[in-house]
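A.B. asks: Protein sequences appear in the order of chains A and B. Per our numbering, the first sequence starts with residue 4, numbered consecutively. Per our numbering, the second sequence starts with residue 4, numbered consecutively. By construction, the Cβ of each residue, glycine as well, lies at the ideal position given by its N, Cα and C atoms.
There are 2 protein chains.
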Amino acid sequence: MQTNDKQQNQTASNQIAAHAIPDIADNKITLGPLPASEKVYVTSPNRDDVRVPMRKVSLTDGTHVTLYDTSGPYTDNTAQIDVHKGLSTETRSAWIDERADTEFYEGRDMKPIDNGVTDEAQGQRFYNPLLQRQPRRAKAGRNVSQMHYARQGLITPEMEYVALRENQMREALANEFTTEERQARLKGNDFGAAIPDVITPEFVRDEIARGRAIIPANINHPELEPMIIGRNFLVKINANIGNSALTSSIEEEVEKMVWSTRWGGDTIMDLSTGKYIHSTRDYIVRNSPAPVGTVPIYQALEKVNGVAEDLTWEVFRDTLIEQAEQGVDYFTIHAGIRLAHIPLTADRVTGIVSRGGSIMAKWCIYHHKESFLYEHFEDICEIMKAYDVSFSLGDGLRPGSLADANDAAQFAELETLGELTQIAWKHDVQVMIEGPGHVPMHMIKANMDKQLECCDEAPFYTLGPLTTDIAPGYDHITSGIGAAMIGWYGCAMLCYVTPKEHLGLPNRDDVKTGIITYKLAAHAADVAKGHPGARYRDDLLSKARFEFRWQDQFNLSLDPETAQSFHDETLPKDSAKVAHFCSMCGPKFCSMKISQEVRDYSKDEIEQGMQQKSEEFKAQGAQVYVPVEEDA
Amino acid sequence: MQTNDKQQNQTASNQIAAHAIPDIADNKITLGPLPASEKVYVTSPNRDDVRVPMRKVSLTDGTHVTLYDTSGPYTDNTAQIDVHKGLSTETRSAWIDERADTEFYEGRDMKPIDNGVTDEAQGQRFYNPLLQRQPRRAKAGRNVSQMHYARQGLITPEMEYVALRENQMREALANEFTTEERQARLKGNDFGAAIPDVITPEFVRDEIARGRAIIPANINHPELEPMIIGRNFLVKINANIGNSALTSSIEEEVEKMVWSTRWGGDTIMDLSTGKYIHSTRDYIVRNSPAPVGTVPIYQALEKVNGVAEDLTWEVFRDTLIEQAEQGVDYFTIHAGIRLAHIPLTADRVTGIVSRGGSIMAKWCIYHHKESFLYEHFEDICEIMKAYDVSFSLGDGLRPGSLADANDAAQFAELETLGELTQIAWKHDVQVMIEGPGHVPMHMIKANMDKQLECCDEAPFYTLGPLTTDIAPGYDHITSGIGAAMIGWYGCAMLCYVTPKEHLGLPNRDDVKTGIITYKLAAHAADVAKGHPGARYRDDLLSKARFEFRWQDQFNLSLDPETAQSFHDETLPKDSAKVAHFCSMCGPKFCSMKISQEVRDYSKDEIEQGMQQKSEEFKAQGAQVYVPVEEDA
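#1: Only counting the same chain, and skipping five residues up and downstream in sequence, which positions put a Cβ closer than 7 Å to that of LEU249(B)?
#2: Mark ARG511(A) as exposed unless 16 or more other C-beta atoms lie within 10 angstroms of its C-beta, in which case mark it buried.
#3: On the DSSP letters alone, give me the boundaries of the alpha helix (DSSP H) that ASN241(A) sits inside.
#4: Are the Cβ atoms of LYS59(A) and VAL45(A) separated by less than 7 Å?
#5: Just list the residues that DSSP pairs LYS642(B) with in beta bridges.
#6: Are the CB atoms of ALA338(B) and PHE380(B) within a distance shorter than 7 Å?
#7: With 9 Å as the limit, tell me which residues of the region 406-421 of chain B have their beta carbon closer than that to any beta carbon of chain A; keep them in chain order.
#8: In three-state terms, what does DSSP make of ARG188(B)?
#9: Go ahead and pull the three-state DSSP assignment for ALA166(A).
#10: For the alpha helix (DSSP H) that SER546(B) lies in, which residues bound it at each end?
#11: Which two residues bound the contiguous alpha helix (DSSP H) that contains GLU254(A)?
#12: Could you pull out every residue in the same chain whose Cβ sits closer than 6 Å to the Cβ of CYS457(B), ignoring the five residues on either side in sequence?
#13: If you drop the 5 nearest sequence neighbours on each side, which residues of the same chain put their C-beta closer than 6 Å to that of GLY359(B)?
#14: What residue range does the beta strand (DSSP E) around LYS59(A) cover?
#15: Can you tell me the Cα-Cα spacing of CYS498(A) and THR470(A), whole angstroms?
#16: Taking Cβ positions only, does LEU62(B) come closer than 7 Å to chain A?
#17: Report the residue ranges of all alpha helix (DSSP H) runs contained in full by the region 282-323 of chain A; include only those spanning at least 4 residues, in chain order.
#18: So ILE222(B) and ASP382(B) are in contact, right, with Cβ under 8 Å, and what is the actual spacing, rounded?
#19: How far does the beta strand (DSSP E) with LYS42(A) in it reach, from first residue to last?
#20: Would you be able to state if there are at least three C-beta pairs under 8 Å between the region 140-158 of chain B and the region 105-113 of chain B?
#21: Determine, for ARG341(A), whether the minimum Cβ-Cβ distance to residues of chain B falls below 7 Å.
#22: So, is LEU157(B) buried or exposed, given that buried needs 16 or more other C-beta atoms within 10 angstroms?
#23: Can you tell me whether PHE206(A) is helix, strand or coil according to DSSP?
#24: The beta strand (DSSP E) spanning GLY438(B) covers which residue range?
#25: Find the nearest neighbour of LYS639(B) within the set ILE473(B), TYR492(B), TRP428(B), judged by alpha-carbon distance.
#26: Tell me whether HIS445(B) sits in a helix, a strand or coil according to DSSP, three-state version.
#27: Helix, strand or coil: which one does DSSP assign to GLN326(B)?
#28: Less than 7 Å between the beta carbons of ASP431(B) and ARG154(B), yes or no?
#29: From VAL261(B) to THR33(B), what distance separates their C-alpha atoms?
#30: Return the CA-CA distance between GLU317(A) and THR63(B), expressed in angstroms with no decimal places.
#31: Counting only the same chain and skipping the five closest in sequence on each side, list residues whose C-beta sits under 6 Å from that of GLY536(A).
#32: Determine, using beta-carbon pairs with one atom in the region 191-209 of chain A and one in the region 80-91 of chain A, whether at least three such pairs fall under 8 Å.
#33: Taking C-beta pairs closer than 7 Å, name the residues in chain B that ASN243(A) reaches, listed in chain order.
#34: Within a Cβ cutoff of 7 Å, which residues of the same chain sit near LEU423(B), ignoring the five residues on either side of it in sequence?
#35: Any idea what DSSP makes of GLY421(A), helix, strand or coil?
#36: Can you name the residues that DSSP bridges to GLY65(B)?
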């Protein structure tokens, strides 16, 4: 069937002139590895077409370390990138073929309204035939979800893949830091998680079968590099991108996706609204190595000219099919808002702040009945399992302020999401649960515990939470605090918040700031949980810092470019890169330098007694300060 | 005695031409109030010379709110500022006079070596006679510490002042948010703190007598606006400034002090090293409305040409007197490092990372004996109580990496700090305890609990802690996470960390970023502790946000300028400032707008039943989207 696609693309390339393709010069897409890094692929011992990309960082002491790599082919110098054709890496196609439970079919024709317009030519404006793929779906009566396979006892290549990926070859790491004393002292607190020392494919399968983890992987997204979301795995982060009626453009969104995954985004949500969102999504999905999530109700609302009460099950269903055929990996669906919940928001300080939530609330009030999302939930499950789209059950009643945190409305919806989780699991459909929002620190644990209880440990996926309301412009930080804490308590994925939250749409720099903030929050959580694959990176960086291996300190950090540029602002000279001092204290006066001396003498002391050493030290004149030049 | 000073200044101003005064044009100093803010003074009902400055923010709905104000006269349009003469507000002079337990005396002559030089003319280079004040000290046999007065049962004007300041006139606040349900739901967790609903002068006195809080207030710093540090008060933050041998200048440091307090710095530490630190300190102390802390061992080391082992008690003692006469409010003193502790650091990943700690460790090894700080601790107490300088007992063995957190060396020193606290308290000398450093989230509580236990609830003052080691360039955030948590657990003051931590010296923007990050962390802690004076600001801002009062949202935030500039990036039009939508969703599609409708209908529902309303709603055509123009 691959040939079919190829033929289709051939024909398409003849037509392409007829279409106005968004102007994306390759130089607008960020390519190439991070400093001192190269892409390596680790092959599964069980099957050689499971090759997991990792980032190999070379250190100046001759050693190297491999880091988790979300950046896809864009950081692989050997990869051919053409965003107008989409990623050529389609490893998963073979895996899906060999399961022999799917069929290619004609699929749905794109309509102008999919791009939010009525005129045919306008609708085609950003339509790129080279990005079209013939869709697959499950054969009649089949269920192609990873959860279904797991429950059948099957270990899929996707499961093999994520097992290797989670382990990060950490068995190869030097154990110089893992003394018994240190392991005992630093032992984490996992609050009842069950994180094994080594992630095996069997463990991955069991967690997915149990519903405690998901692999969002639509069969129509073969370009995907599979990843897993669950409390017993590394904490993941999501980056929201997408244009609104007011701003941004297709090329910016594609670059935002590449940029987000470059810095560590594990999944991407395309929250585009307004015009040309179908074609924008073609570009994002076909070029994304990370799972892509959407909120289909946004597009459905565009199709009814933004009039919430005009939404129907038919329009929504058609939109689900449209996006499932494009390859969207998870859908945010606000099926948890019930008629009876709505009055519970009446006395809130900030009412309903979720877009999807307010749309569905309005629909319910207008029609005075339960939403079509709730009424048709099992019909939605049928669609999800035909493409393996995962649920991200939306928290339409999440608190928009500290004052509304953990209130009756929020928890009533959460209980409904728990009921819906059981229904989805009955269909072997993968589920994660979306969470708040604005929650003061002392109420975060209760939030996490309530979710684990109501949703039977289905992965929690939270926005922050923000721990204060008073810092617009810095909400990546107010929320990073809550994110680190809830990640520690058991949250599986953290949706990033950028400095523009509440104020505007993030630009490129905001996206990077949001990503790095959430990477460090997720890492802080992994360390606190005692994840065996977490702390070694801190130890390596700290050792480099103590040994004045500046370049290694930069290259092991989450953002080598920023770390180096900050250093160079005060000490630009190359010699400073190997200097045994830093700009905080200056050359004559360095605590790290002194404490290296202290260490040597302390060691001797223990062996030979102190008095004698002290005499020797004096005899030598005990010079501890080494001028820069000697190091350079 | 004031006249003495004045005469001295007269003479001085004649000499001034003879001295090269650092070039600080007033326009280099940031002056004037924040947006929509004015300085107001709240007078004590008990004495009318206790006037507490607060920041009155006017809101567009005609109401106003007063916020805690650390910015001093620089944000008062009526104030005369001349940094070459120092602040003219010397309210405290009268308070100190009336206690009649101090005497003016000639004091110590400044020596060239105080400025790190040997040549007389060079030493005078940045010396400004207009900044000199005749020093005071306790009369023979007297103790002028706030702790001493408190234990005598005296309520000083300083105590009156901080009581008013901590209350922030919150009794005047509208209680619209404090429904019983909300109060019950949001009740904080204070982990055993004892925070009263209203702060009385008696409560302040009791806490100081108990050693659980301090008012750092040197009698030679009359320009000071008193503030209190303790677990039962608002969590405070400190900003480190100071030049190093490599960079910065006096004018930059003065502006950094003004800039830090403008954005909310409660105290300032001058960590200058290298040349002209005496004259730099003249400028900082004479112009600072906030308590100023220093690490005297840094200057002492300069006086012995940076050779740690040449340090003596005499040089150190002379430096303490020098700085006490200048008006430094608290001294970081690393008296907790004992000979036996040093070998405990030998196997650390990052050894000793505290400058003061490594200097003293080296001294101990070289001389093979306990440090003069430890041996002369009671002599130091005698100096402290003669000027009311508070101890900030330094944690010289704080961990410099996650791997070294909460280890034997750190806790051994903490236990010694506990012993020293008891000795200081025997002398009625005020004490706070410095803390780490680098600590993973799951070990932060143990750290706080250990400090409370060892140091009998003396205020804890921590640097961060940083919760990961892998984010140089973003360590304000990795540490902001730990700071918010330890503040919640009981830490009294948080020492800020800037984005330049580990990499270089902070510039003006870095200082602001560090301050705002720590203000929001401290506020998150106050909210989580259930401090009665904390959450109202969040509620007011969230209400403004929900009502689309954009300008109020900006003006109630920690950084109005940044919030507004971020908003204007996407929606610059003035009409957008009152628009009932924001750039996240655009005009057609706004959840806040929708949920206001939902709220109205929900309320009616409860009263009139839903079906009927639903019909009416349809009859009206139910238009919820209001175009910008109608709002503008």
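C.D. replies: On the basis of the coordinates in this document:
#1: With a pLDDT of only 48 at LEU249(B), under 50, the local geometry of the prediction cannot be trusted, and no value is derived from it.
#2: exposed
#3: That residue, ASN241(A), is in no alpha helix (DSSP H); its beta strand (DSSP E) goes 239-244.
#4: no
#5: Here chain B has residues from 4 to 635 only, and residue 642(B) is not among them.
#6: yes
#7: ALA406, ASP407, ALA408, ASN409, ASP410, ALA411
#8: helix
#9: helix
#10: Before going on, a small fix: residue 546(B) reads as Lys here, not Ser. Element bounds for LYS546(B): 539-549.
#11: 253-266
#12: LEU417, GLU418, GLY421
#13: VAL298, ILE300, HIS337, GLY397, GLY399
#14: 54-61
#15: 15 Å
#16: no
#17: 299-306
#18: At roughly 19 Å, the Cβ-Cβ gap does not stay under 8 Å, so ILE222(B) and ASP382(B) are not in contact.
#19: 40-46
#20: yes
#21: no
#22: exposed
#23: helix
#24: 434-438
#25: As displayed, chain B neither begins before 4 nor continues past 635, which places residue 639(B) out of reach and without an answer.
#26: helix
#27: helix
#28: yes
#29: 7 Å
#30: 45 Å
#31: GLN171, ARG173
#32: no
#33: None at all; the shortest Cβ gap to chain B is about 10 Å.
#34: ALA338, GLY339, PHE380, LEU396
#35: helix
#36: Beta-bridge pairing links GLY65(B) to no other residue.
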